[in-house]
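Following full-length UniProt numbering, the numbering of the sequence shown begins with 1 at its first residue and continues without gaps.
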Amino acid sequence: MNELQPLQPVVEDWQKALAVVAHPDDLEFGTAAAIARWTGQGKQVVYCLLTSGEAGIDGVDPAECGPLREAEQIESSRIVGVSAVEFLGQPDGTIEYGVALRRVITAAIRRHQPEIVITNNFRDTWDGDVLLNQSDHISTGRATLDAVRDAANRWIFPDAGDKWDGVREVWAAGSPNARHGVDTTGTFDVGVQSLKAHKAYIDGLNRGFDPEEFLEGTSRPAGTQLGTKYGTRFEVFTP
Numbered sequence: 001m002n003e004l005q006p007l008q009p010v011v012e013d014w015q016k017a018l019a020v021v022a023h024p025d026d027l028e029f030g031t032a033a034a035i036a037r038w039t040g041q042g043k044q045v046v047y048c049l050l051t052s053g054e055a056g057i058d059g060v061d062p063a064e065c066g067p068l069r070e071a072e073q074i075e076s077s078r079i080v081g082v083s084a085v086e087f088l089g090q091p092d093g094t095i096e097y098g099v100a101l102r103r104v105i106t107a108a109i110r111r112h113q114p115e116i117v118i119t120n121n122f123r124d125t126w127d128g129d130v131l132l133n134q135s136d137h138i139s140t141g142r143a144t145l146d147a148v149r150d151a152a153n154r155w156i157f158p159d160a161g162d163k164w165d166g167v168r169e170v171w172a173a174g175s176p177n178a179r180h181g182v183d184t185t186g187t188f189d190v191g192v193q194s195l196k197a198h199k200a201y202i203d204g205l206n207r208g209f210d211p212e213e214f215l216e217g218t219s220r221p222a223g224t225q226l227g228t229k230y231g232t233r234f235e236v237f238t239p
């Protein structure tokens, strides 16, 4: 891990980003405060959720859970200034890395034509050691990296829209290999509210989860690395 190393600020001279993650709430566990910063700057951010999170609450049947979590995600997105939210219908908990997934994400990239693509940590662990990541996150992040290149090649998935080669960077939030970050001091509280909007999911955890306490625990160390109060870490890739 690089906890004690300074983080370089991510570039902010862009206007449009696409966030591709596996589940409702994935962006709210640390990235939403950064999204709020950027929408506050007048940037456009679009969310693409591969699943509806239908398998995410043990006590709620998937047929009921999916629409409930979609509604919570839409409200959570609104709080940070995001109005464009798509749910791409992949199976929660069993997302498979492969050509089919790359095609779904490629189509989204071509449809929205972002300069920056944001996804979640897809390394095996969250801490570079023993805190295991989840397979949906790993498959999503790997496929997103590949899809950025696929989207730029007119001969790959030619039926998935016109090629888009305008992606400058891909940012994986929360990676243990992060060397970049962004100051979220001014939008930390908005990020907390966006996570609290996932009330059914948080209640389903049944463990006294405190959104503010959790986010502070990850945002303060990142802020220290940036020389600010709060921050969000990103591993940055160039296609």
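Here a beta-carbon is modelled for each residue, glycine too, at the ideal position from N, C-alpha and C.
| Check | Outcome |
| --- | --- |
| Close beta carbons around T218, own chain, < 6 Å, minus the five adjacent residues each side | G30 |
| C-beta atoms of F21 and N153 nearer than 9 Å | The sequence shown places Val at residue 21, not Phe. Not closer than 9 Å, so no. |
| Supposed contact pair G56 and H23 - C-beta distance, whole angstroms, cut 8 Å | 6 Å |
| Buried/exposed call for A178, threshold 16 Cβ in 10 Å | buried |
| Residues that DSSP places opposite F214 in a beta bridge | For F214, which the question treats as bridged, DSSP gives no partner whatsoever. |
| Beta-ladder partner(s) of E44, from DSSP | A quick correction: the sequence has Gln, not Glu, at residue 44. DSSP lists K16 as partners of Q44. |
| CA-to-CA distance, V10 to Q90, given in whole angstroms | 30 Å |
| DSSP bridge partner residues for E86 (one or two, in chain order) | C48 |
| Where the beta strand (DSSP E) containing D183 begins and where it ends | H180 to D183 |
| Beta-ladder partner(s) of L132, from DSSP | T125 |
| Integer Cβ distance of A33 from T187, believed to fall under 8 Å | 5 Å |
| Cβ contact (3+ pairs, closer than 8 Å) linking the region 192–208 and the region 68–79 | yes |
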